[in-house]
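**Q**
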Amino acid sequence: MLSTQRRSISPVIDRLLADPHRHEFFQAVRLLARWLVQQEGLDDEDVLVHRLRFRSSLSLSFPASEIEALRVVDSHTSQDPSVSGIPRRFEITPAFMGLLGVHGSLPLHYTETLVHREVFARDAGARAFLDLFSHRAVALFYLAWKKHRLPIGYEAEQGERFLPLVLSIAGLGHPNLRDRLLGEAGGGVHDESIAHFAAAQQRRQISGPQLRAWVSAHFGVPVELESFVGRWVRLPAGARTRLGEPGGVLGHSAVVGERLWQRDLRVRLRLGPLSRQRFDHFLPGAPGARALRQLLTLACGVSLEFEVCLCLSREHVRPTQLHSRADTSGARLGWTSFLSTRPADRDREDLVYDAMALA
Numbered sequence: 455m456l457s458t459q460r461r462s463i464s465p466v467i468d469r470l471l472a473d474p475h476r477h478e479f480f481q482a483v484r485l486l487a488r489w490l491v492q493q494e495g496l497d498d499e500d501v502l503v504h505r506l507r508f509r510s511s512l513s514l515s516f517p518a519s520e521i522e523a524l525r526v527v528d529s530h531t532s533q534d535p536s537v538s539g540i541p542r543r544f545e546i547t548p549a550f551m552g553l554l555g556v557h558g559s560l561p562l563h564y565t566e567t568l569v570h571r572e573v574f575a576r577d578a579g580a581r582a583f584l585d586l587f588s589h590r591a592v593a594l595f596y597l598a599w600k601k602h603r604l605p606i607g608y609e610a611e612q613g614e615r616f617l618p619l620v621l622s623i624a625g626l627g628h629p630n631l632r633d634r635l636l637g638e639a640g641g642g643v644h645d646e647s648i649a650h651f652a653a654a655q656q657r658r659q660i661s662g663p664q665l666r667a668w669v670s671a672h673f674g675v676p677v678e679l680e681s682f683v684g685r686w687v688r689l690p691a692g693a694r695t696r697l698g699e700p701g702g703v704l705g706h707s708a709v710v711g712e713r714l715w716q717r718d719l720r721v722r723l724r725l726g727p728l729s730r731q732r733f734d735h736f737l738p739g740a741p742g743a744r745a746l747r748q749l750l751t752l753a754c755g756v757s758l759e760f761e762v763c764l765c766l767s768r769e770h771v772r773p774t775q776l777h778s779r780a781d782t783s784g785a786r787l788g789w790t791s792f793l794s795t796r797p798a799d800r801d802r803e804d805l806v807y808d809a810m811a812l813a
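Heads up, the final residue of the sequence shown is numbered 813 in our numbering, and it's a clean run with no missing numbers.
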């Protein structure tokens with residue numbers, strides 16, 4: 455239980471010490487181990503050896519939860535008030551396994567004998583001796599549980615082992631390729647985002663729904679994807695059809711004019727509705743636009759053209775005023791400037807730009 459004399463250390467740890475029976479065993483050990491790793495700078499195995507102790511239960515009643523007891527057995531003693539009183543070692547009594555108790559490996563009369571010795575003879579030596587073995591068994595049980603749960607392993611290793619394995623699926627597991635898309639001032643893509651969609655990247659081509667899901671999950675904004683967006687492409691002089699020159703076959707390679715309508719290489723991404731702050735984040739040259747360009751290049755290479763349409767929520771559409779003190783962000787002609795006399799009744803989708811050219 456949480457002692458009233460002990461100083462508060464962490465809201466989560468305080469709640470755990472006050473009501474250990476409300477937590478599952480693995481979650482309680484994980485919280486304590488992570489907190490001790492941050493405080494002491496130890497690894498998980500050292501924490502289990504030197505900072506956490508698992509005791510055998512002497513209760514013969516039906517266990518109410520996975521944890522019978524949790525208490526602090528050692529705290530820092532220092533003249534520094536920021537350190538003094540902070541727990542260093544914890545003692546956990548699990549109710550579901552061990553050598554003693556209802557679920558213990560030994561017969562029940564062992565538990566009854568040790569209870570009699572502790573109550574009447576004040577002798578806890580026998581129980582402490584058996585705890586040497588039960589502690590090791592419970593610690594190995596926890597390590598086995600953590601080993602086969604990848605998110606827990608990633609949390610403990612900070613991406614040193616598991617993250618490169620997942621990135622290898624996408625062909626980016628080599629150390630020299632780590633964080634290569636992480637730009638400055640937020641204008642890049644983290645390896646964690648790449649690893650989340652590594653399975654989609656192992657194929658040569660990524661599908662439209664997968665690309666839309668990746669962009670939406672990475673930036674946390676609604677995304678709509680439109681394929682086969684057409685645009686006029688200006689033909690170079692050598693590709694134009696001229697009378698009297700070879701190469702112009704009617705119905706095959708002959709083209710009338712200086713340009714043609716092409717709709718097989720362009721994709722439009724509609725982001726939004728966005729708040730004004732998020733809208734500014736994706737303006738051409740902003741960190742969001744640079745990160746979007748990096749992500750699209752990684753996912754699809756340079757074989758496709760991407761057109762980005764930013765949708766500003768109507769609640770954030772404000773008219774442009776000269777010398778306005780209320781509008782501190784400034785108005786950019788064609789981007790964030792609006793001529794209006796009444797509140798907007800629809801979202802604005804005026805801003806469209808080429809992601810590869812302007813980012």
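From the three backbone atoms N, C-alpha and C, an ideal C-beta is built for every residue, glycine too.
Buried or exposed for Thr458, going by 16 or more other Cβ atoms inside 10 Å?
**A** Caution is warranted here: a pLDDT of 44 is assigned to Thr458, below 50, making its placement in the model unreliable, and the coordinate value is therefore given only provisionally. Exposed.
**Q** With 16 other CB atoms within 10 Å as the buried threshold, where does Gly552 fall?
**A** Its Cβ being crowded by 16 or more others within 10 Å, Gly552 is buried.
**Q** Using 8 Å for Cβ pairs, my map puts Leu621 next to Leu562. What's the rounded Cβ distance?
**A** Going by Cβ atoms, the distance from Leu621 to Leu562 rounds to 52 Å, so no, they are not a contact pair.
**Q** By the three-class DSSP mapping on this structure, what secondary structure does Val687 have?
**A** The answer is strand: DSSP assigns Val687 an E or B state.
**Q** With distance defined between alpha-carbon atoms, name the residue in Trp489, Glu522 and Ala691 nearest to His477.
**A** It is Glu522 whose Cα lies nearest to the Cα of His477.
**Q** What did DSSP end up calling Ile606 once you bin it into helix, strand or coil?
**A** Ile606 falls in the helix class under three-state DSSP.
**Q** With 16 other CB atoms within 10 Å as the buried threshold, where does Gln655 fall?
**A** Under this definition Gln655 is a buried residue.
**Q** With distances taken Cα to Cα, identify the nearest neighbour of Phe736 among Thr795, Ala708 and Leu766.
**A** Checked all of Thr795, Ala708 and Leu766; the closest Cα to Phe736 is Leu766.
**Q** Less than 8 Å between the C-beta atoms of Thr547 and Leu554, yes or no?
**A** No, they are not a contact pair.
**Q** Please list the terminal residues of the continuous alpha helix (DSSP H) segment that includes Arg772.
**A** Taken as a continuous stretch (DSSP letters only), Arg772 belongs to no alpha helix (DSSP H), as it is neither H nor E.
**Q** For Phe508, write down the residues that DSSP places opposite it in a beta bridge.
**A** Partner(s): Ile546.
**Q** Anyone know if the C-beta pair for Pro474 and Leu524 falls short of 8 Å?
**A** Their beta carbons are under 8 Å apart, which means Pro474 touches Leu524 by this criterion.
**Q** Quick one: any contact between the region 643–652 and the region 688–707, if contact means 3 or more CB pairs under 8 Å?
**A** Judged by Cβ distances under 8 Å, the region 643–652 makes no contact with the region 688–707, as fewer than three pairs qualify.
**Q** Considering only their Cβ atoms, is the gap separating Gly726 from Leu697 smaller than 8 Å?
**A** Cβ atoms of Leu697 and Gly726: not closer than 8 Å.
**Q** State the DSSP-derived secondary structure class of Asp498, mapped to helix, strand or coil.
**A** Helix.
**Q** If you draw a straight line from the alpha carbon of Glu761 to that of Leu728, how long is it in whole angstroms?
**A** Going by the C-alpha atoms only, they are around 17 Å apart.
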